[in-house]
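In the numbering used here, the protein residues as written are 4 to 265.
Put into structure tokens, the structure is as follows:
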């Protein structure tokens, strides 16, 4: 983090920056300082940037000089959650989000911090209440739903190299059936090649999305009638990283969204 800010100052009218880091994800430079402990060195350029999760964009990214790609955890969370809140299928409070990521999500220096036994034989929670992606999730839920969404997000590092499996526990607003919720999501994402809505109560794992730009989503029943469980899986290094950057580039320059990704 911080490198894109340096580059952004040298952009001319013909240059476009697609940033995989967090430099332009947050709309407020003070929020950036709060969560990343770094002073933002290009605050005037924040307004010229767009947070671009392609499937949920309602603006044309072609108007912006800086394209900010979402974080890996927020990608797995926002894709199923935003449409469900906007459709008033689920309540916007009491949301529990449990995400498990391969240890590559902790950055390139993870091997310097931990030995291989820790990485390969241990499942560990981290960043409780204060993981940086909290700010991003909170901001985008407010923007995309117009509501103050109350959630508890707990990330975990899993003994695998890559992949994210997110489990969300949601309160229903009405007594909608799984079939109805499945049909809604299926229709919502019918024109988006990378979003796969699985049949209700389908169990899924990260192995199904590894080395793809896909996000698999499954709507599952809870033992409580007024709740549902949502499963969401992505490859943190592709849909949660470089693949999403390529997808944004394709859209920006008028290529098919899956060019180079299928």
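Glycine included, C-beta positions come from ideal geometry on N, C-alpha and C.
Pop quiz: residue 209 and residue 101 are said to be a contact at Cβ under 8 Å. What is the actual Cβ separation, rounded to whole angstroms? 14 Å between Cβ atoms; not a contact.
Under the assumption that residue 78 contacts residue 247 (Cβ atoms under 8 Å), give the Cβ distance between them as a whole number of angstroms. Their Cβ separation, rounded to whole angstroms, is 7 Å, which keeps residue 78 and residue 247 in contact under 8 Å.
Residue 244, DSSP secondary structure in three states: Note: residue 244 maps to helix in three-state DSSP.
Taking just the CA atoms, how far does residue 145 sit from residue 152? Each residue's Cα considered, the two are about 7 Å apart.
Following the continuous beta strand (DSSP E) through residue 26, name the residue where it begins and the one where it ends. Here residue 26 belongs to no beta strand (DSSP E), and DSSP marks it neither H nor E.
Give me whichever residues DSSP pairs with residue 174 in a beta bridge. Beta-bridge pairing links residue 174 to 230.
Start and end of the beta strand (DSSP E) containing residue 179? From DSSP, residue 179 is part of no beta strand (DSSP E); its letter is neither H nor E.
Buried or exposed (CB count within 10 angstroms, at least 16 for buried), residue 177: Exposed.
Report the rounded CA-to-CA distance for residue 127 versus residue 16, giving the unit in angstroms. If I take the Cα positions, the gap works out to 46 Å.
Compute the distance between the beta-carbons of residue 159 and residue 242, then report whether it is under 8 Å. Not a contact, by the Cβ cut-off of 8 Å.
Assuming residue 134 is part of the alpha helix (DSSP H), what are its boundary residues? Residue 134 -> no alpha helix (DSSP H), and no H or E assigned at all.
Taking the continuous beta strand (DSSP E) assigned at residue 222, which residues delimit it? Per DSSP, residue 222 is one residue of the beta strand (DSSP E) stretching across 218 to 224.
Could you tell me if residue 219 is buried or exposed, where buried requires 16 or more neighbouring beta carbons within 10 angstroms of its beta carbon? Buried.
Smallest Cα separation from residue 96: which of 51, 150, 62? It is 150 whose Cα lies nearest to the Cα of residue 96.
Residue interval of the beta strand (DSSP E) (run including residue 160): Per DSSP, residue 160 belongs to the beta strand (DSSP E) from 154 to 161.
Spatial distance of residue 72 from residue 212 (CA atoms): When rounded, the distance between both Cα atoms is 19 Å.
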